[in-house]
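Report on the structure given below.
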Amino acid sequence: MPEGRPELSVVLPVYNEEESLPLLNRELMAVLRAMGEAFELIYVDDRSTDHSLRVLLALQEQNPEIVVVEFPCNFGQTPAMAAGFEVSQGQIILTLDADLQNDPADIPRLVAKLREGADLVVGWRRKREDGFVLRRLPSRVANRLIAWVTGARIHDTGCTLKAYRRELVANLPIYADQHRFLPALAVASGARIEELEVHHRARQFGSSKYGVGRVARVFLDLFSIKMLATFLRSPLMYFAFLALPFGMIAGVLGVLRSLGTQSQMASYTSWFAVALFLQSAAYFLLLGLLAELVIQVSGLHGRRSFDPLSSHSKR
Amino acid sequence: MNQEPDADVAPAESAVDVTLVIPVSNPQADVESIVMAPGRVLEDLGLRWEAILVFDGIKGPAWEYALKKQNATHDQVRTIGLHRQFGAAVCLSSAFEHTLGSHVLTLPDYVQVDPDSIRQLWDAIEDGADMATGVRDQRVDPKINQWQSRLFNSTLRLLTRTPFHDLNCSVRMISATVIDQLSIYGNMYRYLPILAYRRGFRVDEVPLRHIREEAESGSRFPLSYIRRTLDILGIVFLTGFTHKPLRFFGALGGACLGLGVSLFGWALIMRMLGSVRPLMETPLFLIGLVIAVLGLQVIGFGLVGEIVVFTQARNVREYRIQKIHR
């Protein structure tokens, strides 16, 4: 055990990477030792079905800086990261993939960038070494969409290689597949984000753990992140904004109905439609009130989550 | 759900190994056999035990007897009296606040399974299970009940992707850690194995010889079916979408929206292809409109769900650390 608190914590979610791990660990150790700072290397084994855990424990025997976190079952990548964050002690936390596609040699640059005055440094795999149709194209579309919707101008949200200031991690809720949207949430809460080009290497071992079947989910998640990131301070406004089109349609229909001449049947139908849209407008306004209530009782109003860098932030 | 880091901290050595927790809703319950028979089995196993009887708003001979028993055993057998009937779930959670044992054994207020089979529950725990849940073997209740039970359990197995065969059997040996980590409310005690399994606890099923079956109080024909159906809906929702409610409501609402729009479009196409009826007079137009608007409302509802989860994210951790090797 190195003495004192480590300055750097490197978090790696591991799932079935027994072949990559020894090589990765050697590279990481070389890079981190060369930096000359106290560090810890946190491997979170997401209940791999191969011998990853055994490999990790063997590595740990040779390297006291390694911390191995063991999961009781396969929870997924984001929970693995969240667990790594929970266990970490460093002031600067780095995440990277355990599949050797991120290059550990980029770590010192990320850390330097963070120290120049950023709360989050995001890696950008400018030249990706992945299949175009299955990986790069969906990823590019997703990134554009995320950047456009959330206003976080990040080229590559899917890149795991990131450096965080501890305060940021401590205050952003990380759950579900949220890690992809962390930059967006961070931007919304006023954090300073920098982007840095990083190397990307082709997969040497194993297979990718992603598929294309996540498009609908990413889309829904994006919708919710947009809401959370931009309107959480005043949900009533957001829901009023959603209610607006319904109210407008009701109004327009009502006016048209009053002007035009229609059969009696069509007249009933259009009045019914007016009533339906008015009802919906009211419904969304009420949802907005409910959302206000939820945020109020949660005690988050104007605190922590919105202000990750405030002085009274929880460590 | 509990937030305490659990990891590799061994629980403090407690003076009691197993706490029997028994919700009592029958004033004539035979306290001697429901408490002492399992107690003797546990003693045979060399375990120290205590019992907590929770009387669900009833008094009567069983209560009197239990009080005497409490005095006679110097609080090895304890009683909690609820001032009115709250149901088994409240009984269990009020008892869980007072258990001293490193494990809890829940039992019904009659001898449902052969007390000797408790050994097998303990065997599973010794073998490393965090929870051992009973499966009634050689069932003695009517065939019709067994069929219903089979249907209910297989539906849940399918929908929650868990392996449990008898969630209606309340004989369970549960490690105190599991209880600390899971929030149990309302009817959820029945689904404790599912919740525990999803949190990465090892839950073993143990066949127990069935002796007798008594209907639960308050389960009458149509009502119990409605309740079970709602339970299934609730548990499926909670196991799959606790952290991302919009994925559930969004899919549901999106489907409604799609259906509505296509009905609407169909009406429009019919009109353009020369149907004589004006668009506003076709029923499809109205039905499509209502369904589409409903879809949007469901999506909006899911957004509120997202806000709830976001604001409570620290309380609904989705992982559990088994061990930290430093």
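Residue numbers (my numbering), protein chains in the order written: chain A, 1 to 315; chain B, 1 to 326.
The C-beta atom is built at its ideal place from N, Cα and C for all residues, glycine as well.
Keep in mind the model is a prediction, meaning the values are calculated, not measured.
- In this structure, the beta-carbon distance from Asn102 of chain A to Val198 of chain A falls below 8 Å.
- By the criterion of a C-beta distance shorter than 6 Å, Pro104 of chain A is surrounded in its chain by Glu27, Leu28 and Val31, once the five residues flanking it on both sides are discounted.
- Residue pairing by DSSP places Ala132 of chain B opposite B:Met173 and B:Asp204 in a beta bridge.
- Distance from the CA atom of Met131 of chain B to the CA atom of Leu167 of chain B, rounded to whole angstroms, is 13 Å.
- The three-state reading of DSSP puts Lys113 of chain A in helix, counting H, G and I together.
- Distances from the CA of Ile146 of chain A to each of A:Lys226, A:His51, A:Val297 and A:Phe246 were compared; the closest alpha carbon is that of A:Lys226.
- For the pair Ala186 of chain A and Leu246 of chain B, the Cα-to-Cα distance works out to about 21 Å.
- Bridge partners of Tyr164 of chain A according to DSSP: A:Ile93 and A:Leu120.
- Following the DSSP letters along the chain, one finds Pro142 of chain B in no alpha helix (DSSP H), marked with neither H nor E.
- Counting only residues of its own chain and dropping the five nearest sequence neighbours on each side, Glu70 of chain A has a CB closer than 7 Å to the CB of Asp45 and Leu53.
- Distances from the alpha-carbon of Gly190 of chain A to those of A:Arg180, A:Gln178, A:Leu57 and A:Leu172 put A:Leu172 closest.
- Neighbours of His103 of chain B across chain A, judged by C-beta separation under 8 Å, do not exist; the nearest C-beta is about 18 Å away.
- Note on Asn25 of chain A: 16 or more other CB atoms within 10 angstroms of its CB, so buried under the neighbour-count rule.
- Taken atom to atom, the span from the alpha-carbon of Gly134 of chain B to that of Gly101 of chain B is near 19 Å.
- Bridge partners of Tyr43 of chain A according to DSSP: A:Leu12 and A:Val68.
- Excluding residues up to 5 positions away in sequence, Glu17, Ser20, Arg203 and Gly206 lie with their Cβ nearer than 7 Å to the Cβ of Asp99 of chain A in the same chain.
- Within chain A, the C-beta atoms nearer than 7 Å to that of Arg320 of chain B come from Pro72, in chain order.
- Taking a C-beta distance under 8 Å as the contact criterion, Ala58 of chain A and Pro13 of chain A do not qualify as a contact pair.
- Residue-level contact check: Leu182 of chain B does not touch chain A, since none of the beta carbons of chain A fall below 8 Å from its beta carbon.
- A Cβ-Cβ distance of about 26 Å is found for the pair Gln297 of chain B and Tyr175 of chain A, leaving them out of contact under the 8 Å criterion.
- By the Cβ test, the stretch 68 to 81 of chain B is in contact with the stretch 49 to 57 of chain B, since at least three Cβ pairs between them sit closer than 8 Å.
- According to the DSSP assignment, Pro23 of chain B belongs to the beta strand (DSSP E) that extends over Val18 to Val24.
- Between Phe246 of chain A and Phe272 of chain A, the gap from beta carbon to beta carbon reaches 8 Å or more.
- Burial check for Gly299 of chain A: the Cβ neighbour count within 10 Å stays below 16, so the residue is exposed.
- No Cβ-Cβ contact shorter than 8 Å links Ala89 of chain B with Val206 of chain B.
- Contact check for Ile174 of chain B and His74 of chain B: beta-carbon distance about 25 Å, past the 8 Å limit, so the pair fails to qualify.
- Here DSSP, grouped into helix, strand and coil, assigns Leu57 of chain A to helix.
- With the criterion set as a beta carbon lying under 7 Å from some beta carbon of chain B, the members of the stretch 172 to 193 of chain A are Pro173, Tyr175 and Ala176, in sequence order.
- Under the Cβ criterion of 8 Å, Lys323 of chain B is counted among the residues facing chain A.
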